[in-house]
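Number of protein chains: 2
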Amino acid sequence: MGRRSTHTPEQLRKLILDAAQAIIEDQGLSGLSAREIARRISYSPGTIYNMFDNLDDVILNVEARILDDLRERLQSVLLEAPPSSEAVLRLARNYMDFTHERPRLWNVLFEHYMPEGTDVPQWYQDKLEELMACVETSLGSHFTPSQDDERRRAARVLWAGVHGITSLSTANKLASVTSQSASRLVDDLVGTYLAGLEAGAGVDADSDSGSDRGSGAIAVDAGTAAGGSPAGE
Amino acid sequence: MGRRSTHTPEQLRKLILDAAQAIIEDQGLSGLSAREIARRISYSPGTIYNMFDNLDDVILNVEARILDDLRERLQSVLLEAPPSSEAVLRLARNYMDFTHERPRLWNVLFEHYMPEGTDVPQWYQDKLEELMACVETSLGSHFTPSQDDERRRAARVLWAGVHGITSLSTANKLASVTSQSASRLVDDLVGTYLAGLEAGAGVDADSDSGSDRGSGAIAVDAGTAAGGSPAGE
DNA sequence: GATTTCAATGGGACGGCGTTCAACTCATAC
DNA sequence: GTATGAGTTGAACGCCGTCCCATTGAAATC
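Protein sequence lines, in the order shown, are assigned to chains A and B. Residue numbers are given in numbering that gives the first Met the number 0: position 7 of the first sequence equals residue 6, and the series is strictly consecutive. Residue numbers are given in numbering that gives the first Met the number 0: position 132 of the second sequence equals residue 131, and the series is strictly consecutive.
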């Protein structure tokens with residue numbers, strides 16, 4: 000058959016991404032194939048390669064949607080809560096809830112790697128920055144405007160931490176921790192980390208100062224190592 | 000050809016796992032295939048299925064080796080350092096170093112998922128517990144013997160946190176953070192989290208008794224949520 | 001209405017994959 | 001010397017991603 004003109008290019012793109020997302024949502028990333036997408040939308044596999052470079056490109060565009068969904072969700076949380084420990088915690092829980100509501104979809108973000116030489120595209124990085132900005136905003140009350148680096152770092156630590164808990168517990172690779180009990184860990188992480196920030200906040204820098212010995216092979220210096228210590232370093 | 004008897008079953012198993020590990024180490028998990036293993040050891044693909052159930056089984060056994068290596072490494076760190084903040088930090092850094100020395104190998108632990116219905120085998124869980132035990136030991140000085148639950152939880156939070164940082168930065172999915180700058184985040188996490196623990200240390204054990212989360216859409220209570228509930232908030 | 005054009009499309013082809021299994025081979029046991 | 005059966009092979013099956021080009025039919029031209 001030739002041109003069908005039943006769908007505009009944009010419609011077709013959407014059709015493909017919708018199908019890809021649906022497949023992932025009910026079979027996981029490993030269930031995704033160009034042929035399966037083609038079957039679902041009643042086109043031939045070749046058509047997909049008119050709209051996208053390859054399957055990785057399709058997946059990347061599905062990831063974009065997920066990141067957008069997540070961002071919208073987190074931004075809406077920020078609208079209701081001014082920067083505070085509570086806001087941080089709510090963000091963390093929303094992240095976690097998101098991952099539980101659509102586990103396979105969320106998993107794609109981390110299961111999927113760029114093929115060897117290829118780099119994560121800039122627009123992808125930008126979307127990540129937007130997400131991080133949410134966390135940074137929520138941390139507003141914990142830092143002065145001059146502590147921008149510290150705030151950015153704290154946001155990344157918290158983000159990665161929550162992600163680590165979610166990710167390992169989902170995969171059953173955190174000993175004795177199930178997805179169920181993971182929320183408690185998230186609460187613990189956020190609560191304790193923020194307490195650590197506050198403990199170091201007004202006071203001087205070195206929360207556990209004594210240990211600034213670089214003993215042995217590894218130069219361990221917990222004092223300055225706790226880079227977070229808001230006042231300083 | 001028929002029986003070769005050039006290798007005992009154990010030798011053959013080792014041969015296969017060595018080859019699998021080598022392939023993963025220089026091409027990543029996606030480069031691994033039964034056929035490629037067969038080529039490297041000069042056997043036919045079928046032979047692999049005499050020794051292992053399937054490729055997942057092979058991978059799982061490679062994972063076992065990695066977990067063992069990591070455990071040995073962490074245990075040797077513990078021998079040199081008594082429980083302390085420093086010991087925790089050294090463990091974290093060793094984990095991180097390990098992941099940088101053999102990135103693809105380490106990645107397998109998390110790239111690879113059990114096929115749908117299958118569960119992570121018990122011996123795998125046991126190996127995870129051994130790793131966690133290292134972290135728990137290093138946290139000895141931060142908890143009294145009666146606070147076993149709290150210590151176990153803190154160990155998991157730290158483990159997952161360090162993992163999250165490493166994992167996201169390696170995959171380039173932590174905005175503006177590269178594998179290089181990740182160590183700073185690890186130091187920050189460990190330092191600040193431990194500071195948070197110490198800030199709340201004196202407080203009694205009902206650390207999280209009140210936090211029956213699950214209430215409402217978002218029952219936020221940063222105070223009780225903080226597992227180690229530092230006085231502050 | 002007839003003709004031309006050419007982008008969209010289908011679908012076969014290629015080389016790879018995991019996995020299975022019948023057939024073959026040969027060290028060992030007798 | 002022979003029979004046995006475990007170890008091994010390699011072809012076969014049904015997938016996969018990707019490529020490529022003959023075909024098609026909507027739009028442009030006459």
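Beta carbons are placed, not taken as given, at the ideal position from N, Cα and C, and that holds for glycine. Bear in mind that the values here come from a model prediction, so they are computed numbers and not experimental data.
Local conformation of residue i per DSSP, three classes
i, result
"B:S206", "Caution applies to B:S206, whose pLDDT of 40 falls short of 50 and renders its modelled position unreliable; the value that the coordinates give is listed next. B:S206 falls in the coil class under three-state DSSP."
"B:D118", "coil"
"A:Y192", "helix"
"A:K126", "helix"
"A:V156", "helix"
"A:H162", "helix"
"B:S180", "helix"
"A:P8", "helix"
"A:A218", "Note on A:A218: pLDDT 42, under 50, position unreliable in the model; the coordinate value appears next. If DSSP states are grouped into helix, strand and coil, A:A218 belongs with coil."
"B:A19", "helix"
"A:G27", "coil"
"B:L69", "helix"
"A:L138", "coil"
"B:M113", "coil"
"B:A198", "helix"
"B:A80", "coil"
Residue i - containing alpha helix (DSSP H), residue span
i, result
"B:Q233", "Past the boundaries of the shown model lies residue 233 of chain B; chain B is included only from 0 to 232, so the question cannot be answered."
"A:Y48", "44-50"
"B:N53", "First-last for B:N53: undefined, no H or E at that position."
"B:S84", "84-100"
"B:A174", "B:A174 -> no alpha helix (DSSP H), and no H or E assigned at all."
"B:A170", "That residue, B:A170, is in no alpha helix (DSSP H); it is neither H nor E in DSSP."
"A:A37", "33-40"
Pair within 9 Å by beta-carbon distance, residue i and residue j
i, j, result
"B:A63", "B:Y112", "no"
"A:I22", "A:E9", "no"
"B:E85", "B:L28", "no"
"A:T191", "B:V156", "yes"
"A:L104", "A:I65", "yes"
"B:R152", "A:R152", "no"
"A:A33", "A:V57", "yes"
"B:V87", "B:S137", "yes"
"A:D68", "A:F97", "yes"
"A:E24", "A:R101", "yes"
"A:G7", "A:M95", "In the sequence on display, residue 7 of chain A carries Thr and not Gly. Going by C-beta atoms, A:T7 is not nearer than 9 Å to A:M95."
Interface flag, residue i vs chain B, CB-CB below 9 Å
i, result
"A:D52", "no"
"A:A33", "no"
"A:N171", "yes"
"A:S175", "yes"
"A:E100", "no"
"A:Q136", "Reading the sequence as shown, one finds Thr at residue 136 of chain A and not Gln. Answer no: the Cβ-Cβ gap between A:T136 and chain B never drops below 9 Å."
"A:R155", "yes"
"A:S206", "Reliability of the predicted coordinates at A:S206 is poor, the pLDDT of 37 falling under 50, and the value obtained from them is presented with this limitation in mind. Judged by the 9 Å Cβ criterion, A:S206 is in contact with chain B."
"A:A19", "no"
"A:D187", "yes"
"A:I164", "yes"
"A:A37", "no"
Residue-level contact to chain A via CB, residue i, 9 Å cutoff
i, result
"B:G160", "yes"
"B:D118", "yes"
"B:L167", "yes"
"B:V57", "no"
"B:Y94", "no"
"B:S41", "no"
"B:F245", "Nothing about residue 245 of chain B can be reported from this structure: the residues present for chain B run from 0 to 232 only."
"B:F109", "yes"
"B:E197", "yes"
"B:Q124", "yes"
"B:D203", "Because the pLDDT at B:D203 is just 38, under 50, the model does not fix this residue reliably, and the point stays unresolved."
"B:E128", "yes"
"B:T7", "no"
"B:R64", "no"
"B:R183", "yes"
"B:E71", "no"
"B:Q10", "no"
"B:Y112", "yes"
Closer than 8 Å: residue i CB and nearest the ligand GTP heavy atom
i, result
"B:A132", "This structure simply doesn't include the ligand GTP, nor any ligand for that matter."
Say whether the stretch 49-65 of chain B touches the stretch 133-147 of chain A, bearing in mind that this needs 3 or more beta-carbon pairs closer than 8 Å, one atom from each stretch.
-> Segment contact: the stretch 49-65 of chain B against the stretch 133-147 of chain A, fewer than three CB-CB distances shorter than 8 Å; contact not assigned.
The stretch 78-94 of chain B / the stretch 147-166 of chain B touching (three or more Cβ pairs under 8 Å) = Judged by Cβ distances under 8 Å, the stretch 78-94 of chain B makes contact with the stretch 147-166 of chain B, as three or more pairs qualify.
Count the CB pairs spanning the stretch 171-182 of chain B and the stretch 167-177 of chain A that are closer than 8 Å, and state whether there are at least three.
-> no
Three CB pairs or more closer than 8 Å across the stretch 183-199 of chain B and the stretch 186-201 of chain A | Counting C-beta pairs with one atom in each stretch, the stretch 183-199 of chain B and the stretch 186-201 of chain A have three or more that are closer than 8 Å, which means they touch.
Touch test, the stretch 121-137 of chain B against the stretch 67-76 of chain B, Cβ-Cβ under 8 Å, three pairs minimum = yes
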